[in-house]
Structures are given as C-alpha cells and as structure tokens.
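Undergrad:
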Amino acid sequence: ETGVTQSPTHLIKTRGQQVTLRCSSQSGHNTVSWYQQALGQGPQFIFQYYREEENGRGNFPPRFSGLQFPNYSSELNVNALELDDSALYLCASSLLAGSSYEQYFGPGTRLTVT
Amino acid sequence: ILNVEQSPQSLHVQEGDSTNFTCSFPSSNFYALHWYRWETAKSPEALFVMTLNGDEKKKGRISATLNTKEGYSYLYIKGSQPEDSATYLCASLLGAGNQFYFGTGTSLTVIP
C-alpha cells in the first residue's frame, strides 16, 4: 500500500447537497492531486495543490474546490451536487510539482449522488 | 483535452501466456508517460515512469517501451500469472503543465 489514505470510503448524497472528501498524503510529500473517475472512463484531473496553493486545475466548474493544510493533507469540496458527480474520487500525493514525479494514489472515495 | 487511448479495452489470457497492451498519446509537447497497475479495491500502483524516446523499463516479468516520436508505449507481461489480473492505466504528462491525462485502461484477466 502507498501510505495515502482517503476518507470516507464511500458515501451517498442527494442532489444539491455539499460534500467534503479528505486525503492524507504520504509522509514527505508536498503535492496532492485530485482526480474524478466516472464509470467507464479514465481518471480526470480536477486540480493540484502544492504547498497549500492551487497549482493547476482541470476542466471542472468552480463548485469543485479544495484546500491543502500545513501537514499537506487535503480536502476536496463539491457544492450543489449533481447526478453526474457520482464517481470514484482519487487523490495522489507526490514530492515535487511540475516534474515527471511519481504519484502515490489513495484507494479512492466512491460518491453516489441520488 | 489530450486524448490518451489504450487498447485493448479488456483481455483474457491463460496462465503462462505472454501479453502486451498499447497506450497511444499525442506526441507533441511530450514530457512523461506513467504506467499504473490497479487491482480491484486497491490503490493504483505506479509501475513505470518513462521520459526518453526509446526508453525501456523492466520490473520482474513486466516491461515497457516508449516511442515519443510516434506517440505510443507498449506494456509487456511475460508468463502471465493470476496475480497479474488488474487494470493497467497509462497517463501522459505535457511539458507545460502538471496535468496528467489518463487512458481508460486495459483490464487483464489471467485464467488459471
């Protein structure tokens, strides 16, 4: 296992609600990236945090937001949930940003929006 | 959006068979290609980080090659074992950014 943990493992929310997902990065890593994997697709990049600042964002609306804390753990917040937000959410930690760094993934949080 | 494609989508092989999969990516502005192995209910595990044209990497019975000029990478598994059953993902990184573009994966099932 990678040492990257995510919580919760799975959860069910109703359309319009808000959700917070959490990720603890591997010791010594300063970068966390978040991905959304919808059914039948590959993981899609949501955003990346490097030393507590957003360091790149994919094609996701502003209702997807994040935080990184001084211990480099991270949160993904999604407001006004839509049915299409149902997916597996993965976080990945790494040591450096902007290089061919190796990413260490957590096991994911399965979000179901009804 | 950068299109990274993997083929085949799924594959069933007998134990002991050798197999290979393909990852295709746009060759312009290439920076790196990563291969991951993802077993059900576990975290994706990094297999290889490849950056140079002509790179060949090996880990046990698994190896990979990279052609950045034509935009493809091959992953080979020699003498497949049931424990090799997993989804194999590739992800491409462009030079200008830090956004990985993933393929949809190849699901491998090794039949004992």
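Here the protein sequences come in this chain order: H and P. For the record, in the first sequence the residue sitting at position 110 is 110 according to the numbering used here, with numbers rising by one throughout. For the record, in the second sequence the residue sitting at position 86 is 1086 according to the numbering used here, with numbers rising by one throughout. Glycine included, C-beta positions come from ideal geometry on N, C-alpha and C. All values derive from a computational prediction rather than experimental measurement.
With DSSP collapsed to three states, give me the class of E1039/P.
TA: Here residue 1039/P corresponds to residue number 39 of the second sequence, with the count starting at 1. Three-state DSSP puts E1039/P in coil, outside helix and strand.
Undergrad: Under 9 angstroms between beta-carbons, which chain H residues line up against T1106/P? List them in chain order, please.
TA: On the second sequence, residue 1106/P is found 106 positions in, with the first residue counted as 1. None at all; the shortest Cβ gap to chain H is about 11 angstroms.
Undergrad: Which chain H residues are close to A1064/P, counting only those with a beta carbon under 7 angstroms from its beta carbon?
TA: Position 64 of the second sequence, counted from the first residue, corresponds to residue 1064/P. Within chain H, no residue comes near A1064/P; the closest Cβ sits about 14 angstroms away, beyond 7 angstroms.
Undergrad: When the Cα atoms are used, what is the spatial distance from V1004/P to F1025/P?
TA: Taking the second sequence and counting its residues from 1, the one referred to as residue 1004/P is at position 4. Taking the second sequence and counting its residues from 1, the one referred to as residue 1025/P is at position 25. About 5 angstroms.
Undergrad: Note down, in chain order, every chain P residue with its Cβ under 7 angstroms from the Cβ of E102/H.
TA: Working through the first sequence from its first residue, we reach residue 102/H at position 102. Neighbours of E102/H on chain P, chain order: A1046, V1049.
Undergrad: Just the C-alpha distance for A87/H and T1040/P, rounded to the nearest angstrom, thanks.
TA: Counting from 1 along the first sequence, the entry for residue 87/H is found at position 87. Counting from 1 along the second sequence, the entry for residue 1040/P is found at position 40. Computed Cα separation, rounded: 15 angstroms.
Undergrad: Would S1043/P and V32/H be called neighbours here (beta carbons separated by less than 8 angstroms)?
TA: Against the second sequence, residue 1043/P aligns to sequence position 43. Against the first sequence, residue 32/H aligns to sequence position 32. No, these two residues do not count as a Cβ contact at 8 angstroms.
Undergrad: Can you tell me where the beta strand (DSSP E) with S65/H in it begins and where it stops?
TA: For the purposes of this step, residue 65/H is taken as the residue at position 65 of the first sequence. Note, S65/H: beta strand (DSSP E), 64-68.
Undergrad: With H, G and I counted as helix, E and B as strand and the rest as coil, what does DSSP make of E75/H?
TA: The residue given as residue 75/H occupies position 75 in the first sequence. Strand at E75/H.
Undergrad: Could you confirm whether any beta carbon from chain H is found closer than 8 angstroms to the beta carbon of G1103/P?
TA: Locating residue 1103/P in the second sequence gives position 103, where the first residue counts as 1. Cβ-Cβ to chain H under 8 angstroms: yes for G1103/P.
Undergrad: Express the C-alpha separation of V19/H and T112/H in angstroms, rounding to a whole number.
TA: On the first sequence, position 112 is the one that residue 112/H refers to. On the first sequence, position 19 is the one that residue 19/H refers to. So the two alpha carbons sit approximately 11 angstroms from each other.
Undergrad: Determine the DSSP secondary structure at E1083/P, reduced to helix, strand or coil.
TA: Position 83 of the second sequence holds residue 1083/P. In the structure shown, E1083/P sits in a helix (DSSP, three-state: H, G or I).
Undergrad: What does F47/H pair with, by DSSP beta-bridge criteria?
TA: As a first step, residue 47/H must be located in the first sequence, where it is residue number 47. In DSSP, F47/H forms a bridge with W34/H, R57/H.
Undergrad: Any beta carbon of chain P sitting closer than 8 angstroms to that of G58/H?
TA: As a working note, residue 58/H is residue 58 in the first sequence. Yes, its Cβ sits closer than 8 angstroms to a Cβ of chain P.
Undergrad: Assuming L1033/P and L1094/P make a contact with CB atoms under 8 angstroms, what is their CB distance in whole Å?
TA: As a first step, residue 1033/P is located in the second sequence; it is residue number 33 there, counting from the start. As a first step, residue 1094/P is located in the second sequence; it is residue number 94 there, counting from the start. 11 angstroms between Cβ atoms; not a contact.
Undergrad: Pull up the DSSP beta-bridge partners for Y1088/P, would you.
TA: Here residue 1088/P refers to the residue found at position 88 of the second sequence. Y1088/P is bridged to R1037/P, T1106/P.
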